[in-house]
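Written below as structure tokens is the structure these notes are about.
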Amino acid sequence: MSLENAYLGDRVESHDCAPEADAVFFRQHGFCAIRNLISNEMIEHLKRVIAGTANGTTFDTIKKNTYNTAIDDPAIHGFLGQRTFAALIGSLGYRDSVFTDGVIFETDAELGGFDWHLDITSFKYIFPKDRAFSIWITLDPIDPDVQDGGLTLLSTSSFSGSEFFNLQATVTRSLVEGRYKIPALYKTLLGPKYRNDEQKKFKKLFPYIQSKFPHLFSDSIYISGFAKNLFDSEGVSFSLAPGDAILFDKNVFHRSNALLPGVMATRRAFVLRFIEADARFAATNASKAGGDDARLVERMTQGLSEGERFDLTGATVINVPEPAEKTA
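Below, the structure written as structure tokens:
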């Protein structure tokens, strides 16, 4: 399913543009596309950031995936400080929010990216009920009918990931308490740094197995091959211009769309992560859930214990404006 008109706005050159989003659509599905989120100048700036940043080592299913990127970048902080950006966040129902990470996602025709997933490791620092969201900004054109390379998202009205956050936090507590252990073989799904040589060989078989037995296999730690087929059938994708974005809640399942061979050698995207400012620190979960640690979060949680509020001193806080009072 491709929804191409779930966003409003026109391309402008100013950094102080006023992007708009369909709040009704967002509240129904947990995500929406936003046209004109960043200016052409910011597009070029982020391209330079990506070109000058080394690839991370956590995953091997994508050309470049690096966390903690440009987290102190003045241009990004200037953009996040705009009143129009704060108003956009507020229009979608979020309260004051805090910038927690900048992430590079660059894919090519050889590596397809990530199967259906939630960003659990990016939001492992907060409790399951605390709110958070991501903004996925494309720096290259995305047309699902040509080369694609975009995102497919599953409406929370169809299936919400909220219970997976609950389950993951519960499993982490059980592991810490020694109730059981996860077999080492499952770490083949978590990235190369978690695998031994035998597991690395096994991981290379995944594409072949999935092509031959799609109903039995999914390269996802969350769902089966059969569930993957259902998710694919209900997924929503967007046509996007450079500088457009998709904003999605942490409870939205999403996956990478393969970049097909064509004019573009790669598709570059930059992702901004946020948590609401009143989120609580999930210390146990943060220490055991894996993935790359967010340096901005580490700054806000030094010396904190389980359940305490984040220390926002020096943090980049998005102060959402109060709703305008209705006049008679």
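In this note's numbering, each number is its position in the sequence shown, counted from 1, plus 1266.
Glycine included, each C-beta is placed from N, C-alpha and C at the ideal position.
Query                                                                                                                                      : Result
Distance, residue 1569 Cα to residue 1504 Cα                                                                                               : 42 angstroms
Ordered list of beta strand (DSSP E) runs contained in the region 1345 to 1396, each at least 3 residues                                   : 1363 to 1374
Helix, strand or coil at residue 1502 according to DSSP, with G and I counted as helix                                                     : strand
Where residue 1462 falls, given that 16 or more other Cβ within 10 Å makes a residue buried                                                : exposed
Per-residue burial, residue 1448 [other beta carbons within 10 Å of its own, 16 or more giving buried]                                     : exposed
Residue range of the beta strand (DSSP E) that includes residue 1332                                                                       : 1330 to 1332
At least three beta-carbon pairs within less than 8 angstroms, the region 1388 to 1398 to the region 1506 to 1513                          : no
In DSSP terms, what residue 1520 is bridged to                                                                                             : 1383, 1419
Reference residue 1316; option with closest CA among 1305, 1559, 1329                                                                      : 1329
Own chain residues within Cβ distance below 7 angstroms of residue 1546, not counting five before or after                                 : 1392, 1393, 1396, 1573, 1574, 1575
Residue 1400 - DSSP class collapsed to helix/strand/coil                                                                                   : strand
Distance between beta carbons of residue 1405 and residue 1535, contact taken as under 8 angstroms                                         : 7 angstroms
Chain-order list of residues whose beta-carbon lies under 7 angstroms from that of residue 1292 (same chain, five-residue window excluded) : 1298, 1358
Counted within 10 angstroms of its Cβ, other Cβ atoms place residue 1302 as buried (16 or more) or exposed                                 : buried
Three CB pairs or more closer than 8 angstroms across the region 1518 to 1533 and the region 1405 to 1425                                  : yes
Touch test, the region 1419 to 1428 against the region 1487 to 1504, Cβ-Cβ under 8 angstroms, three pairs minimum                          : yes
Burial state of residue 1294 (16 or more Cβ within 10 Å)                                                                                   : exposed
Per DSSP, cross-strand counterpart(s) of residue 1414                                                                                      : 1525
Cβ neighbours of residue 1376 in the same chain (closer than 8 angstroms, five flanking residues each side left out)                       : 1329
Cβ pair residue 1558, residue 1387 closer than 9 angstroms                                                                                 : yes
Pairwise C-alpha distance: residue 1342 and residue 1434                                                                                   : 32 angstroms
Close beta carbons around residue 1518, own chain, < 7 angstroms, minus the five adjacent residues each side                               : 1296, 1297, 1419, 1420, 1422, 1427
Collapsed DSSP secondary structure at residue 1577 in the structure displayed                                                              : coil
Three-state class that DSSP yields for residue 1429 in the structure shown                                                                 : helix
For residue 1305 and residue 1437, the rounded distance between their alpha carbons                                                        : 43 angstroms
Nearest neighbour of residue 1368, chosen from 1361, 1408, 1540, 1550 [CA to CA]                                                           : 1540
Proximity below 9 angstroms, CB of residue 1352 to CB of residue 1584                                                                      : yes
Nearest-angstrom Cβ-Cβ length linking residue 1522 and residue 1378, presumed shorter than 8 angstroms                                     : 6 angstroms
Residue 1374 versus 1567, 1385, 1326, residue with shortest Cα-Cα distance                                                                 : 1326
Buried/exposed call for residue 1290, threshold 16 Cβ in 10 Å                                                                              : exposed
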